[in-house]
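Participant:
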Amino acid sequence: MLNVFNIQRYSIHDGEGIRTNIFFKGCPLRCLWCNNPESHDSAPSLMYDKRLCRGFGDCASSGNGEIMMRDGLPAINRKLIADPLIFSNACPSKALVVTGETMDSDKIISEVEKDAPFFKMCGGGVTLTGGEPLIQGPGLKELITRLRGKGISITIETSLHTGWDTISEYLHITDMFLTDFKHTDPVKFSKFTGGEVKLVMDNLQALNESGAPFIVRVPVVPLFNHTPAEIGSIIEFTASLKNMLEIHLIPFNNFGAEKYRMLGIDYRYKNQKRLNESDLVQYVEMALAKGLTAKIVL
C-alpha cells in the first residue's frame, strides 16, 4: 500500500510531455517554504477551511472532544486527534476534509490509465513526487514495474535525502530523475530544511557516476539561497556532474500559504513576495557561462 494525497492530471512542468503526477505523503525534510505541507506526514492530515464553514457542528459531534464549537465555529485541538479519518465525512459543507489515503497499485494504475492516450501522443508519462516518493517502501517498486510493463515512462522527483542503497534500487526502473538541490552550506541547509546537505551532495555524485539520466532542480528562495554567491556555489557543484542533463531554476511562490492555515501550521514565508522569472535571469546566465543547459521552470 502507498500513501497518496493527490493524483494530478495534465501536468506539463514535471517531465517530458503531458504527465500524471502522483503525490505521496511523507517527507524526511521540513523546508520552511514548502508548498505541500500536507505531504510532510505519511498519515492522513486534517484540513479546515474557515471560508467554507457554515457552523453546522457535525464535526464536533463526530469525535470525542477533539473539536469543540466556540462562537459558532469549530475549535480544533489537533494534539488530541489520533485518527483524522473519523472526520472524513463529518462536514456537509466540506470545510473540514481529510487529505491522504492508502492506495494499492491497482487503484493508482486505474487512474493513470485514463491518461494513457495522451502519453502516447506526446511522449508523456507518470511523475512520482510528494513528499518524498523514495521512502514509500516496496510498494513503489511494484507500482513502477507494473506501469513500465504497460509502456508508461516513469520520472521520479526526489530530494535525494535518503540512503543510496534505497536510491540505487530505482536506477534501472526509472526513465528520469528530477533531483532537488537547494544549497551547499550544511548549516543553512539544516536550519531551513532540517536535513543534511552532505547526504544530498553525496547522492548527487553517486547518481552522476551511475549513468542514470537526471536533471537538477533548484528552488530559488528568499532568505535562503537567493544571492549570486549561494546560487553560484550550487552551479559550481553541479558543473562537476558531467552526466547531468539540465539545471532548472524554480522561482519561489507562496501558493501554499492557504494550506498552512488549513492545517493550523505557522507559515514562516507568509510575508515573502513571489519571485518572478526576471529575478532568476542572472542565475541562468551564470549557469550558461559554466557550460550548463539551464532554464527557468515555473
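Every letter in the sequence shown is one number past the one before it in the numbering used here, and letter 275, counting from 1, is 331. Ideal Cβ positions, reconstructed from N, Cα and C, are used throughout, including at glycine. These numbers come from a predicted model, not from an experiment.
#1: Determine the direct distance from the alpha carbon of Phe-112 to that of Ser-209, and round the result to whole angstroms.
#2: Quick check on this structure: which residue in Arg-330, Ile-291, Pro-140 has the alpha carbon closest to the alpha carbon of Met-257?
#3: Mind checking whether Pro-275 and Ile-321 have CB atoms under 8 Å apart?
#4: Based on Cα-Cα distance, which residue from Leu-255, Gln-261, Asp-335, Arg-273 lies nearest to His-282?
#5: Name the two residues that bound the continuous alpha helix (DSSP H) containing Phe-112.
#6: Looking at C-beta atoms only, is the number of pairs between the segment 106 to 122 and the segment 137 to 149 that lie closer than 8 Å three or more?
#7: With a CB to CB cut of under 7 Å and the five nearest residues on each side skipped, what residues in its chain are close to Ala-146?
#8: Any chance you could list the beta strand (DSSP E) runs of at least 3 consecutive residues sitting entirely within the segment 241 to 279, in chain order?
#9: Do Asp-97 and Gly-82 count as a contact pair if the criterion is CB distance below 8 Å?
#10: Suppose the cutoff is 8 Å on Cβ atoms and the five residues either side in sequence are ignored; what does the same chain contact list for Met-103 look like?
#11: Round the Cβ separation of Gly-205 and Ile-74 to the nearest angstrom and send it over; I've been treating them as touching at under 8 Å.
#12: Let me know if His-228 comes out buried or exposed under the rule of 16 or more other beta-carbons within 10 Å of its beta-carbon.
#13: Just confirm the distance between the C-beta atoms of Pro-84 and His-217, as a whole number of angstroms; I'd bet it's less than 8 Å.
#14: DSSP three-state label for Asp-236, please.
#15: At which residues does the alpha helix (DSSP H) containing Ile-165 begin and terminate?
#16: Work out the CA separation of Ala-268 and Ile-287 for me, nearest whole Å.
#17: Would you call Asn-59 buried or exposed, if buried means 16 or more other Cβ atoms sit within 10 Å of its Cβ?
#18: Verify the CB distance criterion: does Ser-334 have a CB-CB separation below 8 Å to chain C?
#19: Is DSSP giving Thr-214 helix, strand or coil here?
#20: To the nearest angstrom, how far is it from the Cα of Lys-326 to the Cα of Leu-263?
#21: Let me know the alpha helix (DSSP H) ranges lying completely inside the segment 137 to 212, each 4 residues or longer, listed in chain order.
#22: Buried or exposed: where does Phe-61 fall if 16 or more other Cβ atoms within 10 Å of its Cβ makes it buried?
#23: Please identify the residue among Gln-64, Leu-331, Arg-86, Glu-341 whose C-alpha is closest to the C-alpha of Gly-251.
#24: Pro-356 lies in the alpha helix (DSSP H); which residues open and close that run?
#25: Near Arg-134, what residues of its chain come up, given a Cβ to Cβ distance below 6 Å and the 5 sequence neighbours on each side ignored?
Facilitator: Quick answer:
#1: 46 Å
#2: Ile-291
#3: no
#4: Asp-335
#5: From DSSP, Phe-112 is part of no alpha helix (DSSP H); its letter is neither H nor E.
#6: yes
#7: Asp-114, Cys-115, Ser-118, Leu-152
#8: 270 to 276
#9: A distance below 8 Å separates the beta carbons of Gly-82 and Asp-97.
#10: Glu-94, Leu-152, Val-153, Val-154, Thr-155, Lys-315, Met-318, Leu-319
#11: Actually they are not in contact, since the Cβ atoms of Gly-205 and Ile-74 sit about 20 Å apart, beyond 8 Å.
#12: Exposed, because fewer than 16 other Cβ atoms sit within 10 Å of the Cβ of His-228.
#13: Separation of the CB atoms of Pro-84 and His-217 is rounded to 5 Å, and the pair is thereby assigned contact status at 8 Å.
#14: The answer is strand: DSSP assigns Asp-236 an E or B state.
#15: 161 to 168
#16: 24 Å
#17: buried
#18: Here there is only one protein chain, and chain C is not present.
#19: strand
#20: 35 Å
#21: 161 to 168, 172 to 178, 194 to 205
#22: buried
#23: Arg-86
#24: Past the boundaries of the shown model lies residue 356; the chain is included only from 57 to 354, so the question cannot be answered.
#25: Shown here for Arg-134: same chain residues with a beta carbon closer than 6 Å to its own, the five before and five after excluded, namely Gly-320 in chain order.
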